[in-house]
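Have a look at the structure below, then the notes.
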Amino acid sequence: IYIIKNGQGNIKDYGDSGNIAYEGEYLDGYYNGKGKEYDYKGNLIYEGEYLNGKFNSKGKKYYSNGNIEYEGEYLDGYYNGKGKRYHYNGSLEYEGEYFNGRMNGEGKEYNENGKLIYEGEYLNGKRNNKGIEYYNNGNLKYEGDFLNNNWNGKGKEYNENGILIYEGEYLK
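In terms of this note's numbering, the sequence shown has 235 at position 166, counting the first letter as 1, and numbering is strictly consecutive.
Written as structure tokens, this is what we have:
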């Protein structure tokens with residue numbers, strides 16, 4: 070492995086701490102192609118593809134404990150397209166669509182114990198339009214319309230035993 074500052078090739082780049090900071094493909098002064106990036110302690114924080122120094126296409130981002138934080142599609146350094154985000158403990162937190170780093174489109178959210186707590190639509194990182202919310206025991210809590218994470222519009226609310234307790238219009 071060799072370093073080419075203004076050309077192309079495979080490189081290993083070391084940070085001020087002396088630990089490896091990046092290893093992978095390099096082109097015209099940027100990380101380009103497949104590579105791995107590390108924090109100042111030498112822990113892997115990203116592996117995947119780069120374009121002009123930014124995360125691009127498919128990749129995996131890691132927490133400092135080594136667990137995956139996110140795996141999926143990137144564009145210009147942001148989560149973009151389909152992906153999965155994980156809690157620090159390694160359990161799935163969200164799976165679905167992203168746009169510019171935010172949840173957008175269809176998706177599902179899970180608590181730290183892996184239980185489904187919401188499935189539906191998102192806009193700019195918030196629950197919007199149609200969705201279903203669940204209690205931690207798995208029973209239905211609410212199904213209906215959302216606006217900026219709030220129940221808003223037509224919906225049905227259920228108690229923890231799954232019994233319908235209200236059906237009608239909600240405002241925040």
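All C-beta atoms in this analysis are idealised placements derived from N, C-alpha and C, irrespective of residue type, glycine included.
Only buried fits N125, as 16 or more other CB atoms lie within 10 angstroms of its CB. Distance from the CA atom of M172 to the CA atom of G213, rounded to whole angstroms, is 19 Å. L233 has Y227 as its beta-bridge partners, per DSSP.
Here K123 carries a strand assignment [DSSP, helix/strand/coil].
Cβ atoms of G150 and E140 stay farther apart than 8 Å, at about 12 Å. For the 8 Å CB-CB criterion, Y91 and K105 form a contact. Boundaries of the beta strand (DSSP E) harbouring Y163: L161 to F168, taken from the DSSP string. Looking at Y143, G117 and N112, the one whose alpha-carbon comes closest to that of N134 is N112. 8 Å or more divides the Cβ of K195 from the Cβ of N180. Taking the Cβ atoms as the reference, N88 lies roughly 7 Å from Y107, within the contact range of under 8 Å. Under DSSP, K110 shares a beta bridge with no residue. Excluding sequence positions up to five before and after K223, its CB lies within less than 7 Å of the CB of G213, D214 and E238, all in the same chain and listed in chain order.
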